[in-house]
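> This is the structure I have questions about; it appears just below.
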Amino acid sequence: MSEENKNQPRFQQPDPALYGPTKKGPIARFLNPVAGFGVTFSTIFRPVVTEQYPYEKVPTRPRYHGLHKLNRYADGLEKCIGCELCAWACPADAIYVEAGANTPGAQYSPGERYGKVYQINYLRCIFCAFCIQACPTRALTMTNEYEITGPTREGMIYEKDQLLVPLAEGMLNPPHPMVEGTTDADYYRGKVTGPTQEQIDWVAENRPDDPSLPKARATQDETRAAQKVEAN
Ligand code: SF4
Ligand code: SF4
1 MSEENKNQPR FQQPDPALYG PTKKGPIARF LNPVAGFGVT FSTIFRPVVT
51 EQYPYEKVPT RPRYHGLHKL NRYADGLEKC IGCELCAWAC PADAIYVEAG
101 ANTPGAQYSP GERYGKVYQI NYLRCIFCAF CIQACPTRAL TMTNEYEITG
151 PTREGMIYEK DQLLVPLAEG MLNPPHPMVE GTTDADYYRG KVTGPTQEQI
201 DWVAENRPDD PSLPKARATQ DETRAAQKVE AN
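Every letter in the sequence shown is one number past the one before it in UniProt numbering, and letter 19, counting from 1, is 19.
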């Protein structure tokens with residue numbers, strides 16, 4: 001053996017009993033297919049675990065990270081303030097936000113700014129939820145929805161109107177003024193429980209055809225009245 005070969009590591013040959021051809025007798029070889037069917041027959045009587053998707057949708061785990069949604073306050077104003085923290089937190093650069101200024105005639109969210117443009121590129125998103133953690137107003141949360149599709153690459157970029165939750169029962173379509181006498185901090189603290197009659201009147205005057213008007217309910221006024229009764 002040369003000096004060079006002596007320094008090479010020595011590999012043990014595999015055990016031929018493990019890796020060589022099986023040495024079964026004729027009866028064992030005859031019964032081999034029967035053993036194979038044994039696995040089949042024992043599985044036939046177990047409960048079926050195959051999912052019939054897409055005909056039957058199986059519910060996800062409660063904390064599954066699915067499609068995002070942009071939330072609203074109880075009076076219908078949007079929670080997003082266009083701060084872009086979600087976009088900065090995103091490791092995949094999947095979010096694009098452009099803020100707009102709220103004005104007395106066009107107030108979309110409490111405070112100074114709202115999310116004028118909001119896009120999520122679902123070709124990039126890895127559903128890590130860092131954006132959710134970064135959002136200071138809980139405007140952005142995730143649903144359990146996993147059927148996220150689009151006809152084209154551009155179609156996989158979801159726009160604000162696809163992400164913003166619809167108005168719930170009694171809410172008033174923005175833009176409209178904030179509840180009188182409240183600040184944006186009151187909204188964050190959950191002190192607004194619905195629209196006021198003043199807000200409903202404002203929308204009726206400025207957008208008489210607004211579809212949310214017939215169902216809007218002045219629940220904030222009802223809450224205040226109840227609080228007064230309790231205080232007395
Ligand atoms: S879930 Fe993660 S990857 Fe997707 S938009 Fe949010 S931060 Fe970006
Ligand atoms: S979703 Fe949240 S973090 Fe993103 S811009 Fe809106 S308020 Fe800021």
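A virtual CB, placed ideally from N, CA and C, is assigned to each residue, including glycine.
From a predicted model like this one, the values you see are computed outputs, not experimental measurements.
In its own chain, which residues sit with a C-beta less than 6 Å from the C-beta of Y98, not counting the 5 before and 5 after it?
Residue identity check: residue 98 is Glu in the sequence provided, not Tyr. Only K116 and V117 meet the Cβ criterion.
> Per DSSP, K69 forms a beta bridge with which residues?
The partner list for K69 (beta bridge, DSSP) reads T141.
> Which first and last residues belong to the alpha helix (DSSP H) in which G36 is found?
P26 to I44
> When every heavy atom of ligand 1 is checked, does at least one fall within less than 7 Å of the C-beta of P91?
yes
> Please give the ranges of any alpha helix (DSSP H) in the stretch 184-227, keeping only runs that are unbroken, at least 4 residues long and fully inside the region.
Every alpha helix (DSSP H) stretch that sits fully inside the stretch 184-227 and reaches 4 residues is listed by chain position as 184-188 and 197-206.
> Determine, using beta carbons only, whether K69 and T152 come nearer to each other than 8 Å.
no
> Can you tell me the Cα-Cα spacing of E147 and E51, whole angstroms?
15 Å
> Taking buried to mean at least 16 other C-beta atoms within 10 Å of its own C-beta, is Q220 buried or exposed?
buried
> If you measure between the beta carbons of A94 and C135, is that distance less than 8 Å?
no
> Three-state secondary structure (DSSP) at K116?
strand
> In angstroms, rounded to a whole number, what distance separates the CA positions of F130 and R10?
50 Å
> Between the stretch 167-174 and the stretch 196-207, do at least 3 Cβ pairs fall closer than 8 Å?
yes
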